[in-house]
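Just so you know, we're using this note's numbering here: the sequence shown kicks off at 74 and counts up by one.
See below for the structure under consideration.
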Amino acid sequence: MILLIGNWKMAPKKSTEALSLAKKTLEIARKYKKSIKIVSCIPSIHIPFISKTIKNTLYIGGQSVSASTEEAQTGLISAEMLASYGTSHCIVGHSESRERGETDEQVLSSTLLLLQKKITPIICIGEKQRDAQGWYLSTVKSQIESIVLGIPKAQLKKIVFAYEPIWAIGKNAAREATPVECREMLIFIRKVISDIVDIKTANTISILYGGSVNEQNGTSFILEGGANGLLVGRISLDAKRFEQLAKTLSLVS
Ligand code: PEP
74 MILLIGNWKM
84 APKKSTEALS
94 LAKKTLEIAR
104 KYKKSIKIVS
114 CIPSIHIPFI
124 SKTIKNTLYI
134 GGQSVSASTE
144 EAQTGLISAE
154 MLASYGTSHC
164 IVGHSESRER
174 GETDEQVLSS
184 TLLLLQKKIT
194 PIICIGEKQR
204 DAQGWYLSTV
214 KSQIESIVLG
224 IPKAQLKKIV
234 FAYEPIWAIG
244 KNAAREATPV
254 ECREMLIFIR
264 KVISDIVDIK
274 TANTISILYG
284 GSVNEQNGTS
294 FILEGGANGL
304 LVGRISLDAK
314 RFEQLAKTLS
324 LVS
């Protein structure tokens, strides 16, 4: 089963547009449910009414969660709140949240709180840029270590990593990553996990790829890149292109 996560970010702007996109995405999820699990990570303000209208087949996810249960945190939402609306997944450590100050320690705390509430954390990791000497590997290594060292071994199979090279994300991306770059990094990620725990555990953790994925390049990150699924930003807001992507993925799953 391929995991296809749509990250809607701060869109759509209106509640009616959000509901319409959710309904279209639900249709896509129904059509390809035998081979693809689709999760829409939507702005938290849209979660209550969309999760009320959309039930089953399409999974609703959050985009961020507070790293603590302390009530005095203006503007934030807790894992318990997400759980009370039936949210199944939540992105943590997205590069845009890290840019706003989210630390590795907070990513770990959020992950633990989500696991307590039986919400699957989708933990984003990835380097800002690559260098010829390979120093970028140490950035990714320390992001993985801060999570894997802090989670009980039995819980590790419940987390999902999303490798998102920051230089390949969004409309300002320097370029698309190649499937070979994706494969090498996924091997590296599993090796780092395996050195901390063991190979068996490392192999049970799902690792997604994200960064300028579209209906043309999506399958290559699965087939050649070795990813267990995809984290998709812009394309998840365009139901036609998202459906094309789902269709191509269903043919290779
Ligand atoms: C993202 O922001 O997680 C992302 C992958 O965006 P895009 O697909 O638009 O590059």
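For glycine and all other residues, C-beta sits at the position ideal for the given N, C-alpha and C.
Taking a contact as a CB-CB distance under 8 Å, the pair residue 136 and residue 111 does not count as one, their CB atoms being some 16 Å apart.
Per the Cβ contact rule, the stretch 89-96 is in contact with the stretch 105-119 (3 or more Cβ pairs under 8 Å). CA-to-CA, the gap between residue 290 and residue 144 works out to about 43 Å.
With a 10 Å radius around the Cβ and a threshold of 16 neighbouring Cβ atoms, residue 175 comes out buried.
Listed in chain order, the non-local C-beta contacts of residue 201 below 6 Å within the same chain comprise 239, local neighbours out to five positions each way being set aside. If you look at residue 292, you'll find it in the alpha helix (DSSP H) that goes 291-296. Not a single heavy atom of ligand 1 lies less than 7 Å from the C-beta of residue 99. Counting C-beta pairs with one atom in each stretch, the stretch 206-220 and the stretch 257-265 have three or more that are closer than 8 Å, which means they touch. In the structure shown, residue 287 adopts coil according to DSSP, grouped into three states.
Annotation for residue 117: no alpha helix (DSSP H) segment contains it, and DSSP assigns it neither H nor E. With a cutoff of 8 Å on beta-carbon distance, residue 298 and residue 255 are scored as near each other. At a threshold of 7 Å, residue 245 does not count as near ligand 1, since its beta carbon sits no closer than that to any of the ligand's heavy atoms. Beta-bridge annotation (DSSP): residue 133 is paired with 113. Contact check between the stretch 269-287 and the stretch 232-251: three or more CB pairs, one atom from each, fall below 8 Å, which counts as touching. Of 74, 283, 187, the smallest CA-CA separation from residue 246 is found for 283. The three-state secondary structure of residue 279, taken from DSSP, is strand.
In this structure, DSSP gives residue 217 a helical state, which the three-state scheme calls helix. Relative to ligand 1, the beta carbon of residue 301 is positioned no closer than 7 Å to any heavy atom. The continuous alpha helix (DSSP H) containing residue 325 extends over residues 312-325. Contact check for residue 142 against residue 186 passes: the beta carbons are separated by less than 8 Å.
Going by C-alpha positions, residue 195 is about 8 Å away from residue 166.
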